[in-house]
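Heads up, the sequence shown is in this note's numbering, so the first residue is 1 and it goes up one at a time.
Backbone N, C-alpha and C fix where the C-beta goes; we use that ideal spot for every residue, glycine too.
On a predicted model such as this, the values are computed, not experimentally measured, just so you know.
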Amino acid sequence: DSAIAFRKALDELTQQGADSLILDLRNNPGGLLNVAIDITEEFLAQGKTIVSTKGRRLSQNTITRSANKTHLISWPMVVLINEGSASGSEIFAGALQDNKRAIILGGKSFGKGSVQSVIPLPDGSGLRLTTSKYFTPSGRSIHGIGIEPDIVVEPQAPPEEDKAEKEKNNVDKIFENVPAQNAPEPDKPKLPDKEAEIRERLLKDNQVQSAISVLKGIKVYADFAQGVAAPVAEAATGADNSVQPTKAVPQK
């Protein structure tokens, strides 16, 4: 179950001392509605609206709210989306955006937010009809419109290596598996190939780097606000109440 795996990953990050999160939903086509709701609940307190549906009939109108009472994640967040983010991904992004819980960054999402019902026919086939549509907590329709990011950052292709650097890297790869004779023990262990590859890719991803900059800005602002609040409070409580206002001097 994706929601259970997501919860486990959050627990592991908490144990590692994480204090912020970038959630990459680019090219994520979504999935089951109940899974999207369960994952969204991790970040919204009880009673906060996640999504609503509206149809032609009153019975098709529903509002889903968070039921989270015990394990609310309050880290600063950035959610990455693009034109490949659809359905459950859009429900998640729209809910966090409208509840001011996360910054949405990237490009506009796909716009797939319809509830479809299949009506069986006598010959064994079925007729699929759109019976209602999904709406974000503020009442924005998702279907055919998508989620507009708070910060638009277009993807950029990483710069290509020059010919000399590329040849050097190729030579290094030829010899990297050859055991070194009498080589001293390295000071730092090398990252596994997969982790190193992921790290390299993220360093070249301009949208991820923009998200990191946003989180740094949020932290700086939070530290600044806390630092300013304390002196102001001390100044207010420590003011000399014995000082009397100056009387105006009458003009002759």
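- Query: So, helix, strand or coil for Ile-104, using DSSP?
  - Reply: For the purposes of this step, residue 104 is identified with residue 104 of the sequence shown, where counting begins at 1. Looking at Ile-104 - three-state DSSP - the assignment turns out to be strand.
- Entirely enclosed beta strand (DSSP E) segments - the region 103-146, minimum 3 residues: 103-106, 114-120, 126-135
- Query: Nearest CA to the CA of Asp-24: which residue from Val-118, Asp-193, Gly-106, Leu-215?
  - Reply: As a working mapping, residue 24 is identified with position 24 in the sequence shown. Nearest of Val-118, Asp-193, Gly-106, Leu-215 to Asp-24, Cα basis: Gly-106.
- Query: Roughly how many whole angstroms lie between the Cα atoms of Gln-181 and Ala-157?
  - Reply: Residue numbering aside, residue 181 sits at position 181 when the sequence shown is read from its first letter. Residue numbering aside, residue 157 sits at position 157 when the sequence shown is read from its first letter. Interpretation of Gln-181 is limited by its pLDDT of 46, a score under 50 that renders its predicted location unreliable; the figure taken from the coordinates is listed afterwards. Going from the Cα of Gln-181 to the Cα of Ala-157 covers about 40 angstroms.
- Query: On the three-state DSSP scale, how would you describe Lys-219?
  - Reply: Within the sequence shown, the letter at position 219 stands for residue 219. Helix, per DSSP.
- Item | Residue interval of the beta strand (DSSP E) (run including Thr-40) | In the sequence shown, residue 40 corresponds to position 40, counting from 1. Note, Thr-40: premise wrong, no beta strand (DSSP E); alpha helix (DSSP H) at 33-41.
- Query: For Glu-41, which residues from the same chain have a beta carbon less than 6 angstroms from its beta carbon, with the 5 sequence-adjacent residues on both sides left out?
  - Reply: On the sequence shown, position 41 is the one that residue 41 refers to. These residues qualify, in order along the chain: Ser-66, Asn-68.
- Task: Output yes or no for whether 9 angstroms exceeds the beta carbon distance between Ala-86 and Lys-48.
- Result: For this step, residue 86 is matched to residue 86 along the sequence shown. For this step, residue 48 is matched to residue 48 along the sequence shown. It is not a contact, given that the beta carbons lie outside the stated cut-off.
- Query: Is it true that the CB of Arg-128 sits closer than 9 angstroms to the CB of Ser-117?
  - Reply: Position 117 of the sequence shown, counted from the start, is the residue given in the question as residue 117. Position 128 of the sequence shown, counted from the start, is the residue given in the question as residue 128. It is a contact, given that the beta carbons lie within the stated cut-off.
- Residues bridged to Val-78 (per DSSP): To locate residue 78, count along the sequence shown from 1; it is residue 78. Per DSSP, Ile-22, Ile-103.
- Query: Just checking my contact of Gly-146 with Glu-90 at CB under 8 angstroms: how many whole Å lie between their CB atoms?
  - Reply: Counting from one through the sequence shown, the residue named residue 146 turns up at place 146. Counting from one through the sequence shown, the residue named residue 90 turns up at place 90. The Cβ separation is near 7 angstroms, so the contact holds.
- Query: Between Ala-3 and Ile-37, what straight-line distance do the alpha-carbon atoms span, to the nearest angstrom?
  - Reply: Against the sequence shown, residue 3 aligns to sequence position 3. Against the sequence shown, residue 37 aligns to sequence position 37. Approximately 9 angstroms, taken between the alpha carbons.
- May I ask which residues mark the beginning and end of the beta strand (DSSP E) holding Thr-53? In the sequence shown, residue 53 corresponds to position 53, counting from 1. Looking at the DSSP string, the run of the beta strand (DSSP E) that includes Thr-53 is 49-55.
- Helix, strand or coil: which one does DSSP assign to Thr-70? Numbered from 1 along the sequence shown, position 70 holds the residue referred to as residue 70. In the structure shown, Thr-70 sits in coil (DSSP, three-state: anything other than H, G, I, E or B).
- Message: For Pro-76, count the other beta carbons within 10 Å of its own beta carbon; 16 or more makes it buried, fewer makes it exposed. Which is it?
- Response: For the purposes of this step, residue 76 is identified with residue 76 of the sequence shown, where counting begins at 1. Counting every other CB atom within 10 Å of its CB across the protein chains shown gives Pro-76 a total of 16 or more, marking it as buried.
- Just the Cα atoms here: how many angstroms apart are Arg-29 and Phe-92? Here residue 29 refers to the residue found at position 29 when the sequence shown is read from its first residue. Here residue 92 refers to the residue found at position 92 when the sequence shown is read from its first residue. Contrary to the premise, residue 29 reads as Pro rather than Arg in this sequence. Cα to Cα, the separation comes out at about 12 angstroms.
- Query: Are the CB atoms of Ile-73 and Ile-104 nearer to each other than 9 angstroms?
  - Reply: Translated into positions along the sequence shown, residue 73 becomes position 73. Translated into positions along the sequence shown, residue 104 becomes position 104. Cβ atoms of Ile-73 and Ile-104: not closer than 9 angstroms.
- Query: Any idea what DSSP makes of Val-208, helix, strand or coil?
  - Reply: Indexing the sequence shown from 1 puts residue 208 at position 208. Correct three-state label for Val-208: helix.
- Message: For a test of the three-state rule: what should DSSP assign to Val-153, helix, strand or coil?
- Response: On the sequence shown, residue 153 is found 153 positions in, with the first residue counted as 1. DSSP, reduced to helix, strand and coil, places Val-153 outside both helices and strands of the structure shown, so it counts as coil.
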